[in-house]
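Numbering (UniProt numbering), first residue to last: 1 to 80.
Every residue, glycine too, gets a C-beta built ideally from N, C-alpha and C.
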């Protein structure tokens, strides 16, 4: 069966889904301290590249990016 057909869209407030997507993309390239030092402009662009992500740059804000960083750290910790 085609998984893409049933994939749900991801939005800016789907922090855990975004964190999983970032961890899948970067794996252990970023540890906890590196994740918190990522520039928000870079983080925003990486999120926009996640498959099934439906948000726009205009919808992004600092609060979303902070939550995404925290969720990504927890995702990284869970995989250690």
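{"Query": "Helix, strand or coil for residue 38, going by three-state DSSP, please let me know.", "Result": "coil"}
{"Query": "When DSSP labels each residue in this structure, what does residue 10 get in the three-state scheme?", "Result": "strand"}
{"Query": "Distance check for residue 61 and residue 68, CA to CA, integer angstroms please.", "Result": "11 Å"}
{"Query": "Under DSSP, the alpha helix (DSSP H) around residue 30 begins and ends at which residues?", "Result": "Looking at the DSSP string, residue 30 is not in any alpha helix (DSSP H), and its letter there is neither H nor E."}
{"Query": "Let me make sure I understand the geometry here. Which of 26, 48 and 52 has the alpha-carbon closest to that of residue 7?", "Result": "52"}
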